[in-house]
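J.:
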Amino acid sequence: MSTVQTRPTTTTPSSRASAWRDRVDAADWNTVGSELDTYGCALIGQLLEPSDTAEIAALYTDNSRFRSTIDMARHRFGHGEYRYFAEPFPEAVIALKQALYPRLLPIARNWWTKLGRATPWPDTLGEWLDMCHAAGQTRSTPILLKYGRGDWNALHRDL
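Quick note: the sequence shown uses our numbering, first residue 9, plus one each step.
Structure follows, in structure tokens:
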């Protein structure tokens, strides 16, 4: 019998991480859930300050921060480009993943239950990532998009 070794969840104790978590917590998650049920989308408010987005956008030219780059036109995904972050992720990505997971988890479980399926998601992001890694899904999924004038993103399934 093999045992999955649990990785410690990455923490980001900075005041910026607290601010991002506070912004996530400030959303009306009952309304978010209702809007997702009704419309398939919902607004939760501003999570990042302009300075945060500028800092993340500035990473785009640093090849060491990314594991791969996708030319959207080549794959008929639209026009533009996106890059998959490599670990370690930027602080904002880590903090927002940790803050959003427990808020989105009840919504995902509710949808899955409505479909008559057992919900596969554990209570913590760390446990979920461990399950994914144990199943062979070890490549990072956070992306950074780059669009020029007139670029667009088509509905598609990533490679």
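Note that beta-carbon positions come from the ideal geometry of N, C-alpha and C, so glycine has one too.
At which residues does the alpha helix (DSSP H) containing T39 begin and terminate?
T.: In the sequence shown, counting from the first residue as 1, residue 39 sits at position 31. Unbroken alpha helix (DSSP H) run through T39: W37 to Y47.
J.: Within 10 angstroms of the Cβ of Q106, are there 16 or more other Cβ atoms? Answer buried if so, exposed if not.
T.: Within the sequence shown, residue 106 is the residue found at index 98, counting from 1. Classification for Q106: buried.
J.: Roughly how many angstroms lie between the CA atoms of Y109 and E57, to the nearest whole one?
T.: Position 101 of the sequence shown holds residue 109. Position 49 of the sequence shown holds residue 57. Using only the alpha carbons, I get a separation of about 20 Å.
J.: Per DSSP, what are the beta-bridge partners of K154 in this structure?
T.: One-based indexing of the sequence shown puts residue 154 at position 146. For K154, which the question treats as bridged, DSSP gives the partners E89.
J.: Go ahead and label W160 buried or exposed: buried means 16 or more other beta carbons lie within 10 angstroms of its beta carbon, across all protein chains shown.
T.: The residue labelled residue 160 in the question sits at position 152 within the sequence shown. W160 comes out exposed.
J.: I78 bridges to which residues according to DSSP?
T.: Translated into positions along the sequence shown, residue 78 becomes position 70. Paired residue(s): Y90.
J.: How about the stretch 38 to 57 and the stretch 69 to 80: do they share at least three Cβ pairs that are nearer than 8 Å?
T.: No contact exists between the stretch 38 to 57 and the stretch 69 to 80.
J.: Between H41 and the rest of its own chain, which residues show a CB-CB distance below 6 Å, the 5 nearest in sequence each way excluded?
T.: Residue 41 sits at position 33 when you count from the first residue of the sequence shown. The displayed chain sequence assigns Gly, not His, to residue 41. Answer for G41: I115, listed in chain order.
J.: In whole angstroms, give me the CA-to-CA distance for T39 and R31.
T.: For the purposes of this step, residue 39 is identified with residue 31 of the sequence shown, where counting begins at 1. For the purposes of this step, residue 31 is identified with residue 23 of the sequence shown, where counting begins at 1. The alpha-carbon atoms of T39 and R31 are separated by roughly 15 Å.
J.: Confirm, please, whether the CB-CB distance from A25 to E99 is below 8 Å.
T.: Indexing the sequence shown from 1 puts residue 99 at position 91. Indexing the sequence shown from 1 puts residue 25 at position 17. Closer than 8 Å, so yes.
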